[in-house]
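First residue of the sequence shown: 27, per this note's numbering; consecutive thereafter.
Each residue gets a CB set at the ideal place from its N, CA and C atoms; glycine is no exception.
The structure presented is a predicted model; accordingly, all values stated were derived computationally and were not measured.
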Amino acid sequence: MSDKRRNILETAENIDYYGEANSALQHELPFTAELFAANRDNIGRLNRAGVTSASAGGARRSGTRSKVARFAELESDLRLVVKTARLLEKTEPGFRNTFTIPRGALNYDEGLAFADAFQADAPAFQAAFAKYGLTAEFFAEMAAAAAEFRSAAHEQADAQRTGVGATAEQEAALEATLATRRQLDRAIRNHYRDDPQKLAEWLTASHIRQRNPVRKGSSGS
């Protein structure tokens, strides 16, 4: 949770406590009852948006880790096929070597394209590959690795979309909270213009901290 959101939420909660402690105000100035209710709704929105945002962020990070790991496994399998195919090209009569990939690291799209192509071409030479340990089971596992990679990529994309929506909702909730505070501030300042004590209580409750205190042990240099 960012300091900005934490401090605004803290102020909204203080305003809610202020409204409960000064219930007579809502009878003296009925519009404030509506505003205090809106403030409570805003607190709920902030909490919900904060939870969603944190969850989505974790899913994005997890999706990235899963995607990288699965692609590394897939690329390793592809290179085993390539190395074996080079040998088969020299030793197996009639072997047509279509199992080639460029030098250097593959990007995700290239890796998936080569995996699909190898899966399509391998059955015709399955017996030759199997002699060197690349059995039908190996190619089935490579197909599964490609499918798992695609799934991990989709999960990450879904999490990114969720994260964008959660961030937008959080910002909207912050704006709504600040707008309600401004309305309450004007109404209460006007109403308690001749009551310094009540006004001071309101100013304390509605104050938004600009910065959080520096924790002991943190370096300022």
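For residue i, the nearest candidate out of the options (CA to CA)
| i | options | result |
| --- | --- | --- |
| ALA150 | PHE125, LEU61, ASN133 and GLU46 | PHE125 |
| GLN145 | PRO128, ARG129, ALA170 and ALA98 | ALA170 |
| ARG122 | ALA111, ALA38 and VAL107 | ALA111 |
| ALA63 | SER49, ALA75, ARG176 and ALA139 | SER49 |
| SER177 | TYR134, LEU200, ASN33 and ILE41 | TYR134 |
| LEU35 | LEU72, GLU54, GLU46 and TYR43 | LEU72 |
| ALA156 | ASN40, GLU197, LEU113 and ALA131 | LEU113 |
| ASP42 | ASP29, ALA131 and ASP67 | ASP67 |
| GLY137 | ASN40, ALA231 and GLU99 | GLU99 |
| TRP228 | ARG31, PHE175, LEU51 and LYS30 | LEU51 |
| ALA143 | PHE97, THR206, ALA172 and TYR218 | ALA172 |
| ALA204 | HIS53, ASN65 and GLU54 | The residue asked about is misnamed: residue 204 is Leu in this sequence, not Ala. Nearest option by C-alpha distance: ASN65. |
| ARG129 | GLU101, LEU160 and LYS116 | GLU101 |
The alpha helix (DSSP H) enclosing residue i, as first and last residue numbers
| i | result |
| --- | --- |
| GLN236 | No alpha helix (DSSP H) contains GLN236, which DSSP labels as neither H nor E. |
| LEU51 | 50-54 |
| TYR43 | 29-47 |
| PHE155 | 152-157 |
As assigned by DSSP and simplified to three states, the class of residue i
| i | result |
| --- | --- |
| THR203 | helix |
| GLY84 | The pLDDT assigned to GLY84 is 45, lower than 50, so where the model puts this residue is not dependable, and the model offers no usable value. |
| THR58 | helix |
| ASN73 | helix |
| ALA131 | coil |
| THR124 | coil |
| LEU160 | coil |
| GLY246 | Note that GLY246 scores 45 on pLDDT, short of 50, meaning its location in the model is unreliable and no value can be drawn from it. |
| ARG208 | helix |
| GLU118 | coil |
| ASP103 | helix |
| ASP147 | helix |
| ARG219 | coil |
| ARG176 | helix |
Residue-chain proximity (residue i, chain B), Cβ-Cβ < 8 angstroms
| i | result |
| --- | --- |
| ASP103 | The question asks about chain B, but that chain is absent: this structure has only one protein chain. |
### Query
Should the segment 210-220 be called in touch with the segment 56-66, which here means at least 3 C-beta pairs below 8 angstroms?
Result yes; three or more Cβ-Cβ pairs closer than 8 angstroms.
### Task
Examine the Cβ distances between the segment 159-170 and the segment 100-111 and report whether three or more of them are shorter than 8 angstroms.
Yes, the segment 159-170 touches the segment 100-111.
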